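For the protein sequence lines, the chains are S and D, in the order given.
Just so we're aligned, residue 5 is where the first sequence starts under the working numbering, counting upward by one.
Just so we're aligned, residue 17 is where the second sequence starts under the working numbering, counting upward by one.
Before any comments, here is the structure.
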Amino acid sequence: AEQVLPQALYLSNMRKAVKIRERTPEDIFKPTNGIIHHFKTMHRYTLEMFRTCQFCPQFREIIHKALIDRNIQATLESQKKLNWCREVRKLVALKTNGDGNCLMHATSQYMWGVQDTDLVLRKALFSTLKETDTRNFKFRWQLESLKSQEFVETGLCYDTRNWNDEWDNLIKMASTDTPMARSGLQYNSLEEIHIFVLCNILRRPIIVISDKMLRSLESGSNFAPLKVGGIYLPLHWPAQECYRYPIVLGYDSHHFVPLVTLKDSGPEIRAVPLVNRDRGRFEDLKVHFLTDPENEMKEKLLKEYLMVIEIPVQGWDHGTTHLINAAKLDEANLPKEINLVDDYFELVQHEYKKWQENSEQGRREGHAQNPMEPSVPQLSLMDVKCETPNCPFFMSVNTQPLCHECSERRQKNQNKLPKLNSKPGPEGLPGMALGASR
Amino acid sequence: GEAYEPLAWNPEESTGGPHSAPPTAPSPFLFSETTAMKCRSPGCPFTLNVQHNGFCERCHNARQLHASHAPDHTRHLDPGKCQACLQDVTRTFNGICSTCFKRTTAEASSSLSTSLPPSCHQRSKSDPSRLVRSPSPHSCHRAGNDAPAGCLSQAARTPGDRTGTSKCRKAGCVYFGTPENKGFCTLCFIEYRENKHFAAASGKVSPTASRFQNTIPCLGRECGTLGSTMFEGYCQKCFIEAQNQRFHEAKRTEEQLRSSQRRDVPRTTQSTSRPKCARASCKNILACRSEELCMECQHPNQRMGPGAHRGEPAPEDPPKQRCRAPACDHFGNAKCNGYCNECFQFKQMYG
Numbered sequence: 005a006e007q008v009l010p011q012a013l014y015l016s017n018m019r020k021a022v023k024i025r026e027r028t029p030e031d032i033f034k035p036t037n038g039i040i041h042h043f044k045t046m047h048r049y050t051l052e053m054f055r056t057c058q059f060c061p062q063f064r065e066i067i068h069k070a071l072i073d074r075n076i077q078a079t080l081e082s083q084k085k086l087n088w089c090r091e092v093r094k095l096v097a098l099k100t101n102g103d104g105n106c107l108m109h110a111t112s113q114y115m116w117g118v119q120d121t122d123l124v125l126r127k128a129l130f131s132t133l134k135e136t137d138t139r140n141f142k143f144r145w146q147l148e149s150l151k152s153q154e155f156v157e158t159g160l161c162y163d164t165r166n167w168n169d170e171w172d173n174l175i176k177m178a179s180t181d182t183p184m185a186r187s188g189l190q191y192n193s194l195e196e197i198h199i200f201v202l203c204n205i206l207r208r209p210i211i212v213i214s215d216k217m218l219r220s221l222e223s224g225s226n227f228a229p230l231k232v233g234g235i236y237l238p239l240h241w242p243a244q245e246c247y248r249y250p251i252v253l254g255y256d257s258h259h260f261v262p263l264v265t266l267k268d269s270g271p272e273i274r275a276v277p278l279v280n281r282d283r284g285r286f287e288d289l290k291v292h293f294l295t296d297p298e299n300e301m302k303e304k305l306l307k308e309y310l311m312v313i314e315i316p317v318q319g320w321d322h323g324t325t326h327l328i329n330a331a332k333l334d335e336a337n338l339p340k341e342i343n344l345v346d347d348y349f350e351l352v353q354h355e356y357k358k359w360q361e362n363s364e365q366g367r368r369e370g371h372a373q374n375p376m377e378p379s380v381p382q383l384s385l386m387d388v389k390c391e392t393p394n395c396p397f398f399m400s401v402n403t404q405p406l407c408h409e410c411s412e413r414r415q416k417n418q419n420k421l422p423k424l425n426s427k428p429g430p431e432g433l434p435g436m437a438l439g440a441s442r
Numbered sequence: 017g018e019a020y021e022p023l024a025w026n027p028e029e030s031t032g033g034p035h036s037a038p039p040t041a042p043s044p045f046l047f048s049e050t051t052a053m054k055c056r057s058p059g060c061p062f063t064l065n066v067q068h069n070g071f072c073e074r075c076h077n078a079r080q081l082h083a084s085h086a087p088d089h090t091r092h093l094d095p096g097k098c099q100a101c102l103q104d105v106t107r108t109f110n111g112i113c114s115t116c117f118k119r120t121t122a123e124a125s126s127s128l129s130t131s132l133p134p135s136c137h138q139r140s141k142s143d144p145s146r147l148v149r150s151p152s153p154h155s156c157h158r159a160g161n162d163a164p165a166g167c168l169s170q171a172a173r174t175p176g177d178r179t180g181t182s183k184c185r186k187a188g189c190v191y192f193g194t195p196e197n198k199g200f201c202t203l204c205f206i207e208y209r210e211n212k213h214f215a216a217a218s219g220k221v222s223p224t225a226s227r228f229q230n231t232i233p234c235l236g237r238e239c240g241t242l243g244s245t246m247f248e249g250y251c252q253k254c255f256i257e258a259q260n261q262r263f264h265e266a267k268r269t270e271e272q273l274r275s276s277q278r279r280d281v282p283r284t285t286q287s288t289s290r291p292k293c294a295r296a297s298c299k300n301i302l303a304c305r306s307e308e309l310c311m312e313c314q315h316p317n318q319r320m321g322p323g324a325h326r327g328e329p330a331p332e333d334p335p336k337q338r339c340r341a342p343a344c345d346h347f348g349n350a351k352c353n354g355y356c357n358e359c360f361q362f363k364q365m366y367g
């Protein structure tokens with residue numbers, strides 16, 4: 005059943021995915037005057053998921069299995085961190101790779117629908133930390149560390165060397181060429197300061213929805229405080245230079261996922277609450293890495309960097325209403341030529357029709373034929389590129405190490421010229437007009 | 017330019033006493049990059065002299081004078097001797113040599129880094145949450161009333177500590193305190209002093225003020241971040257804002273000039289039949305209608321004085337025009353539409 009639909013949006017249209025992958029690195033601007041590396045336009049894109057209520061529950065289940073990280077979704081919802089406010093639209097958690105680069109995958113997917121497999125965001129983060137003036141990032145990080153519970157309560161005292169070592173380590177962690185991270189993952193996992201730097205590269209706020217405690221999976225008892233949740237504002241930019249619709253990410257079990265809205269899902273407001281509903285009161289989400297003067301004008305900063313609206317919500321006592329702050333969210337604005345959700349939705353509709361026919365036929369014939377048997381050849385696609393140089397497509401289980409097109413071409417060539425065993429040149433390959441290269 | 021200077025660096029420690037050898041160069045381990053060549057006295061802007069144990073001549077002399085008045089007070093703090101290993105060293109840090117100091121910090125960090133399972137996916141060893149959960153109480157960075165036993169090995173302890181009659185004041189510390197160290201053993205005293213300093217700073221002003229006291233604040237109004245010379249003393253945000261403001265001003269001035277010129281044209285034609293010099297700052301009447309500039313502006317060198325020959329045009333470069341952005345000190349150029357390169361680049365980026 006899981007194979008009926010591709011397991012990621014990008015698999016629905018490789019050409020579009022290649023186009024996005026080509027455009028993103030070109031969009032990064034690296035000023036020579038010391039200003040932080042940043043995106044010129046592409047940071048303003050936002051992805052929205054199509055609604056699924058028109059499909060029957062069984063097929064809806066298939067869609068959700070394919071795209072949605074239901075564990076994180078369920079955990080955050082049960083903790084009342086996600087989708088607790090009925091006045092705002094529901095957010096869904098999309099799946100991301102757990103290779104240590106999930107923060108970047110989640111961010112990239114929120115904006116463009118593809119994961120950061122080419123490490124565009126990761127490289128931008130690393131080069132920013134290596135090549136630009138990071139003293140203010142370090143300064144904010146030190147301030148936040150000093151204010152943290154650990155420093156305040158235990159009297160931790162770092163000297164210059166400790167701070168420098170820690171900072172160097174944070175920079176190293178952002179690197180892309182770590183052969184194998186400490187945790188056994190492909191890349192080193194990233195931390196709060198990396199989110200802050202990233203939101204400055206993107207000139208767009210990032211809101212992380214997360215529990216405040218690392219809990220035991222068995223007993224639910226608290227292990228350690230989790231500080232990652234909260235609001236990250238691109239404070240190294242004047243607000244008027246930034247995009248005011250935030251990127252919303254979920255964090256649970258050491259993993260980041262994008263939390264996207266559902267398109268045309270209902271009359272609810274497209275927004276995310278800036279408070280947590282916690283133990284009988286509304287608690288403001290933490291704004292990370294503020295300096296002391298900024299902390300005093302936190303409300304003003306929030307209004308400058310986000311589109312803050314007030315939403316009435318039901319209080320705990322019967323008949324009471326509270327006004328809470330929420331940040332307005334962007335709607336889907338990806339141009340057609342790079343909008344992967346459209347293609348995926350078309351594929352879903354196509355598969356749904358086939359699935360319905362098969363189920364109908366199965367019911368009529370009365371035998372136990374699997375209605376969800378994969379029928380389209382592209383569903384056997386693997387997550388590895390075709391071996392043909394410069395081919396933008398992915399290999400499939402049946403045609404590996406080539407993609408379908410190259411495999412077909414090779415077969416034809418072999419039939420025509422059985423003695424020649426030459427590979428097709430890249431100029432003849434489909435998709436090469438895009439100038440695809442990796 | 018460092019965000020944080022070592023708190024524990026106390027110049028009081030290294031006064032007086034014989035030096036086994038003068039320091040040859042400032043250790044990068046002890047000095048931050050930008051203060052490497054500065055005198056060790058806090059806030060002193062002068063360059064150090066290696067012959068004066070890292071002080072400038074002025075501070076050195078002052079200290080010599082001070083030391084001669086109070087010799088007993090500082091005798092126990094011998095900068096030429098490590099208080100931990102008792103070896104003669106060129107430089108000490110908190111009374112101990114760099115090797116001993118490194119060893120203590122290495123021991124502390126290794127015990128901390130191994131204290132948590134590697135499964136913490138998003139956390140690095142930099143995460144203080146790891147430190148707080150450390151089962152090992154032997155941390156040199158840990159402090160407080162219930163602070164643990166000393167964090168140096170037995171070998172690293174000085175006999176001086178053991179000569180005291182009572183145990184170290186710190187609860188749980190097995191070593192002996194000395195009256196000079198207010199009843200603490202050497203290392204607990206260092207901890208005590210660091211934390212006292214920190215607590216005092218956090219009690220009076222911002223807790224971070226003492227840690228970032230040597231940094232340059234951003235020139236922007238009400239900005240609490242650090243400034244950068246690269247951004248003319250501003251932080252990046254204030255720099256961009258200042259640039260934006262500059263451009264708005266430039267644009268406004270340009271428009272004002274244009275509109276005033278438009279207004280002036282009919283007025284001048286009405287008031288006088290003779291045209292004025294085209295230079296904005298000049299109000300001279302043109303001698304000849306076909307010329308744009310008056311004689312004075314055409315030959316500014318002639319205004320120099322009587323020595324200049326009136327009839328001979330002085331060879332001169334075309335006058336450089338200022339950047340069109342009013343607050344900018346640079347020269348503009350035609351290639352950049354009258355702006356300087358920097359402002360032009362900025363205008364292209366954000367304007």
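Backbone N, C-alpha and C define an ideal beta-carbon position, used for all residues, glycine too.
If you're wondering where the values come from, they're calculated on a predicted model, not measured in any experiment.
By the 7 Å beta-carbon criterion, what residues does the region 293-304 of chain S contribute toward chain D? T295, D296, P297 and E298
Whole-angstrom distance between R274 (chain D) and C344 (chain D), CA atom to CA atom: One-based indexing of the second sequence puts residue 344 (chain D) at position 328. One-based indexing of the second sequence puts residue 274 (chain D) at position 258. About 20 Å.
Would you say K267 (chain D) lies against chain S (beta-carbon separation less than 7 Å)? Residue numbering aside, residue 267 (chain D) sits at position 251 when the second sequence is read from its first letter. Chain S, which has no Cβ nearer than 7 Å to the Cβ of K267 (chain D), makes this no.
How would you label G188 (chain S), buried or exposed, when you count the other beta carbons within 10 angstroms and need 16 or more for buried? Reading the first sequence from its first residue, position 184 is the one you call residue 188 (chain S). By the neighbour-count rule (16 or more Cβ atoms within 10 Å), G188 (chain S) is not buried but exposed.
With the cut-off set at 7 Å, would you say Q83 (chain S) and D288 (chain S) are in Cβ contact? What you label residue 83 (chain S) is simply residue 79 of the first sequence in a count that begins at 1. What you label residue 288 (chain S) is simply residue 284 of the first sequence in a count that begins at 1. No, these two residues do not count as a Cβ contact at 7 Å.
Of the residues that make up the region 238-252 of chain D, which ones have a beta carbon closer than 8 Å to any beta carbon in chain S? E238, C239, G240, T241, L242, S244, M246, F247, C251 and Q252
So with CB distances below 9 Å, who are the chain S contacts of N3 (chain D)? In the structure displayed, chain D extends from 17 to 367; residue 3 (chain D) sits before or after that span and is not available.
Using a Cβ cut-off of 8 Å, pull out every chain S residue sitting near I256 (chain D), in sequence order please. Translated into positions along the second sequence, residue 256 (chain D) becomes position 240. By Cβ distance, chain S contributes I39, W241, P242 and E245.
What are the boundary residues of the beta strand (DSSP E) that N329 (chain S) is part of? Working through the first sequence from its first residue, we reach residue 329 (chain S) at position 325. Looking at the DSSP string, the run of the beta strand (DSSP E) that includes N329 (chain S) is T325 to K332.
If you run the structure through DSSP and keep just helix, strand and coil, what is R285 (chain S)? Reading the first sequence from its first residue, position 281 is the one you call residue 285 (chain S). In this structure, R285 (chain S) counts as strand in the three-state DSSP scheme.
In whole angstroms, what is the alpha-carbon distance linking G234 (chain S) and F360 (chain D)? Here residue 234 (chain S) is taken as the residue at index 230 of the first sequence, counted from 1. Here residue 360 (chain D) is taken as the residue at index 344 of the second sequence, counted from 1. Straight-line Cα distance between these residues: approximately 38 Å.
Thinking L305 (chain S) and E298 (chain S) are a contact (beta carbons under 8 Å), I'd like their distance in whole angstroms, please. Sequence index remark: in the first sequence, residue 305 (chain S) carries index 301 (1-based). Sequence index remark: in the first sequence, residue 298 (chain S) carries index 294 (1-based). Sure, about 6 Å apart at Cβ, within 8 Å.
Consider the Cβ of F143 (chain S): report whether some Cβ of chain A lies at a distance smaller than 7 Å. Note that chain A does not occur in the displayed structure, where the protein chains are S and D.
Would you give the residue range spanned by the beta strand (DSSP E) that G366 (chain S) belongs to? For this step, residue 366 (chain S) is matched to residue 362 along the first sequence. From DSSP, G366 (chain S) is part of no beta strand (DSSP E) but of the alpha helix (DSSP H) over L344 to E369.
CB-CB under 8 Å to P262 (chain S), same chain, minus the five flanking residues each way: which ones, in chain order? By 1-based counting over the first sequence, the position of residue 262 (chain S) is 258. These residues qualify, in order along the chain: L51, A97, L98, T100, A110, T111, Q113, Y114, I251, V252, L253 and G254.
Chain S contact residues for E358 (chain D), given Cβ-Cβ distances below 9 Å: The residue you call residue 358 (chain D) lines up with position 342 of the second sequence. The contacting residues are N37.
So is S182 (chain D) buried or exposed if we call it buried at 16+ other beta carbons inside 10 Å? Numbered from 1 along the second sequence, position 166 holds the residue referred to as residue 182 (chain D). Exposed, by the Cβ-count rule.
Compare the Cα-Cα distances from T2 (chain S) to each of S:K69, S:R48, S:Q418 and S:L86 and report the closest residue. Residue numbering for chain S in the displayed model covers 5 to 442; residue 2 (chain S) lies beyond these limits and cannot be assessed.
Is the distance from the Cβ of G104 (chain S) to the Cβ of S193 (chain S) below 7 Å? As a working mapping, residue 104 (chain S) is identified with position 100 in the first sequence. As a working mapping, residue 193 (chain S) is identified with position 189 in the first sequence. Taking 7 Å as the Cβ cut-off, G104 (chain S) and S193 (chain S) qualify as a contacting pair.
Along the chain, where does the alpha helix (DSSP H) that runs through Q113 (chain S) open and close? Walking along the first sequence from the start, residue 113 (chain S) turns up at place 109. C106 to W116 is the extent of the alpha helix (DSSP H) around Q113 (chain S).
Could you tell me whether the region 167-174 of chain S touches the region 8-18 of chain S, using the rule of 3 or more Cβ pairs below 8 Å? no
Of the listed residues D:Q99, D:C98 and D:R56, nearest to A78 (chain D) (C-alpha basis): For the purposes of this step, residue 78 (chain D) is identified with residue 62 of the second sequence, where counting begins at 1. Nearest C-alpha to A78 (chain D): D:R56.
Using DSSP with H/G/I as helix, E/B as strand and the rest coil, what is D256 (chain S)? Numbered from its first residue, the first sequence carries residue 256 (chain S) at position 252. Of the three classes helix, strand and coil, the one that applies to D256 (chain S) here is strand, per DSSP.
DSSP has M217 (chain S) in a bridge; who is on the other side? Translated into positions along the first sequence, residue 217 (chain S) becomes position 213. The partner list for M217 (chain S) (beta bridge, DSSP) reads S:P229.
For R178 (chain D) and F192 (chain D), I'd like the C-alpha separation in whole angstroms. Looking up residue 178 (chain D) in the second sequence gives position 162. Looking up residue 192 (chain D) in the second sequence gives position 176. Confidence at R178 (chain D) is low in this model, with a pLDDT of 41, below 50, so its placement is unreliable and no value can be given for it.
Please check if any C-beta of chain D sits within less than 7 Å of the C-beta of D181 (chain S). Reading the first sequence from its first residue, position 177 is the one you call residue 181 (chain S). Judged by the 7 Å Cβ criterion, D181 (chain S) is not in contact with chain D.
Run down chain D in chain order and give the residues with a C-beta less than 7 Å from the C-beta of D137 (chain S). For the purposes of this step, residue 137 (chain S) is taken as the residue at position 133 of the first sequence. Result: S244 and M246.
Quick check: the Cα distance between E91 (chain S) and E272 (chain S), rounded to an integer number of angstroms? Residue mapping note: residue 91 (chain S) aligns to position 87 of the first sequence, counting from 1. Residue mapping note: residue 272 (chain S) aligns to position 268 of the first sequence, counting from 1. Rounded to whole angstroms, E91 (chain S) to E272 (chain S) spans 5 Å at the Cα level.
If the cut is a Cβ gap below 8 Å, which residues of chain D does S87 (chain S) touch? By 1-based counting over the first sequence, the position of residue 87 (chain S) is 83. Per the sequence shown, residue 87 (chain S) should be read as Asn rather than Ser. Under the 8 Å cutoff, chain D gives no residues; its nearest Cβ is about 23 Å from N87 (chain S).
Using a Cβ cut-off of 7 Å (strictly closer), state whether N140 (chain S) contacts chain D. Indexing the first sequence from 1 puts residue 140 (chain S) at position 136. Yes, contact with chain D.
Taking all protein chains shown into account, decide if G323 (chain S) is buried (16 or more other Cβ within 10 angstroms of its Cβ) or exposed. As a position in the first sequence, residue 323 (chain S) is number 319, starting the count at 1. That one is exposed.
Throw me the rounded Cβ distance for the T295 (chain S) and L95 (chain S) pair, which I believe falls under 8 Å. Reading the first sequence from its first residue, position 291 is the one you call residue 295 (chain S). Reading the first sequence from its first residue, position 91 is the one you call residue 95 (chain S). Contact flag wrong, Cβ pair sits at about 30 Å.
Report all residues from its chain with a CB closer than 8 Å to the CB of C251 (chain D); omit the five preceding and five following residues, and keep chain order. Taking the first residue of the second sequence as position 1, residue 251 (chain D) is located at position 235. If we look at C251 (chain D) and ignore the five residues flanking it on each side, its Cβ neighbours are C234, G236, C239, T241, L242, G243 and S244.
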